[in-house]
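Residue numbers (UniProt numbering): 1 to 523. What follows is a set of notes on a single structure, which appears directly below.
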């Protein structure tokens, strides 16, 4: 694994973003280089390029969702998956515009509603239908009462169908799209998408399953929180940073289904021979965690996330804010600070409902008593009984100002908890002038942006907007270039266009994109 200093280099971030943009627009770029001018109308050219760029984004959705290390070491997995979702929406918009604009440009609306169409047109229509089905199933998974594994299987089947139908449509669309550079590009892009899908869903899981870890302890922390201690083979060493998370699958347990779920690593990388995840019983899967037995095998895929103080060496003090089980990544950091003798001071606000819900209460008290690491801990209880003499209520702006005092520009702020708490805390911090660059967050779910003004989220949002704007500019510029060329040739230039039905071929690269945002369930 890369050292902390290597993980977020600005050059690597810009390079990957540039390569991504170049890749998703490559179908439109190669099309115009292969055939610089056509006799299509401007509207038809815009439609064609909407389809081409939509296909490019679609095919690279599989790369974004593949948990590839060279991407996740530069951008956190949660931000990658949120970007994946945003790009899926952009691809959907482009691919829905494609047939509408093409029909308008050709003056032939039978492209959309007609039945007597060439097979490649039907491939595009069926691909679009598969996309819409994919979206409905993903958005309404809970309402449809689909289990995670059933959703994932449906997701994979639809993904393969979308790839196949898209490539068939693009390959046989005709005219300029049948130039050999375009067909070579379809082979390369389609092969890359399928290769990543096969690696992510089958080859890598089999490789990880060949070297499983084993459960050595199931320990109760509070009435509804349990810690799993996992041990590796002999001479196993930790390869994670404090605060990161891992994916766990229990293939042979009678207690839980063999589903993949992600959980924070609560132990420190300094722990010898084991790794721990502390888990709250809050869903169908996690409510069964307590029934897992020692010696059960565990398939572990780790480690992910950029929520670690080791990634920010310029910070000389810390503010930690946790809600409930959100303490786990912060506990991993505190344990690492203790074990490595860190002298950087930590101010810690820890919110829970009752005193009985405080996870790691004794260990935190010992850390504060020994000042190893230097720690100022304040518990805030929202439903405390009469015997509680500490802070009550929720962590709001008033408590942030009163309990934390001044927050210097070199202080790192780490927030992890329920979405509502995270949002309220960040707003309170920013009202006090704390820069978004100082604020680091971790979400319970990889599917939702709980901290839209944190540093990582702002970076992703800017990249999303920049990509969308560049796509719009490129689609318009290429369409103008080719349509202008056609006008200059007085409409007599040989077409290379694609022929719809009996004349010009209509629907272009029409099919769809987007895998849901996350390939994992977070309970």
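Glycine included, every Cβ here is placed at the ideal spot set by N, Cα and C. None of the values given here were measured: they were computed from a predicted structure.
Residue from the options whose Cα sits closest to the Cα of residue i
i: residue 476; options: 36, 195, 47 and 23; result: 47
i: residue 397; options: 295, 415 and 427; result: 427
i: residue 180; options: 35, 319 and 312; result: 35
i: residue 276; options: 216, 252, 285 and 250; result: 216
i: residue 407; options: 247, 418, 346 and 377; result: 346
i: residue 193; options: 75, 85 and 160; result: 160
i: residue 236; options: 250, 251 and 213; result: 213
i: residue 379; options: 324, 95, 167 and 234; result: 324
i: residue 349; options: 329, 399, 73 and 20; result: 399
i: residue 439; options: 340, 319 and 467; result: 319
i: residue 367; options: 353, 339, 392 and 388; result: 339
i: residue 218; options: 182, 24 and 274; result: 274
i: residue 206; options: 245, 167, 249 and 187; result: 249
i: residue 264; options: 310, 329, 230 and 312; result: 329
Close Cβ partners of residue i (< 8 Å) along its chain, the five nearest in sequence each way excluded
i: residue 362; result: none
i: residue 144; result: 137
i: residue 204; result: 301
i: residue 394; result: 351, 380, 382, 421 and 424
i: residue 431; result: 397
Cutoff 6 Å; reference residue i; Cβ partners in own chain excluding five residues on either side
i: residue 63; result: 196
i: residue 492; result: Low local confidence applies: a pLDDT of 41 at residue 492 is under 50, so the model's placement there is unreliable, and no value is given.
i: residue 253; result: 292 and 296
i: residue 433; result: none
i: residue 232; result: 213
i: residue 306; result: 76
i: residue 19; result: none
i: residue 359; result: 221, 222, 225 and 327
i: residue 331; result: 266 and 360
i: residue 390; result: 379
i: residue 255; result: 288, 291 and 292
Spatial neighbours of residue i in its chain, beta-carbon cut-off 7 Å, leaving aside the 5 residues before and after
i: residue 520; result: A caution first: residue 520 carries a pLDDT of 34, below 50, which makes its placement in the model too unreliable to give a value.
i: residue 464; result: 83 and 86
i: residue 342; result: 373
i: residue 16; result: 71 and 74
i: residue 490; result: At residue 490, the pLDDT of 43 sits below 50, so the modelled position is not reliable; the number obtained from the coordinates is stated separately. Here the set comprises nothing.
i: residue 316; result: 344 and 410
i: residue 251; result: 209, 258, 297 and 299
Beta-carbon separation (whole angstroms), residue i vs residue j, contact threshold 8 Å
i: residue 105; j: residue 44; result: 3 Å
i: residue 57; j: residue 91; result: 4 Å
i: residue 269; j: residue 228; result: Going by Cβ atoms, the distance from residue 269 to residue 228 rounds to 17 Å, so no, they are not a contact pair.
i: residue 337; j: residue 308; result: That belief does not hold up - the Cβ atoms of residue 337 and residue 308 are roughly 11 Å apart, past 8 Å.
i: residue 170; j: residue 55; result: 6 Å
Residue(s) in a DSSP beta bridge with residue i
i: residue 297; result: 214
i: residue 279; result: 226
i: residue 379; result: 350
i: residue 248; result: 261 and 300
i: residue 323; result: 351
i: residue 416; result: 322 and 442
i: residue 23; result: Its beta-bridge partners do not exist; DSSP assigns none.
i: residue 524; result: Absent from the model: residue 524. The displayed extent of the chain is 1 to 523, so no value can be given.
i: residue 411; result: 317
First and last residue of the uninterrupted beta strand (DSSP E) at residue i
i: residue 524; result: The question about residue 524 has no answer, for the chain in this structure spans 1 to 523.
i: residue 348; result: 346–352
Bounding residues of the alpha helix (DSSP H) (the contiguous stretch that carries residue i)
i: residue 338; result: 327–340
i: residue 204; result: 204–209
i: residue 529; result: No answer is possible for residue 529: the residues shown for the chain start at 1 and end at 523.
i: residue 69; result: 69–72
i: residue 289; result: Where residue 289 is concerned, there is no enclosing alpha helix (DSSP H), given that its DSSP letter is neither H nor E.
i: residue 186; result: 180–198
i: residue 403; result: 397–404
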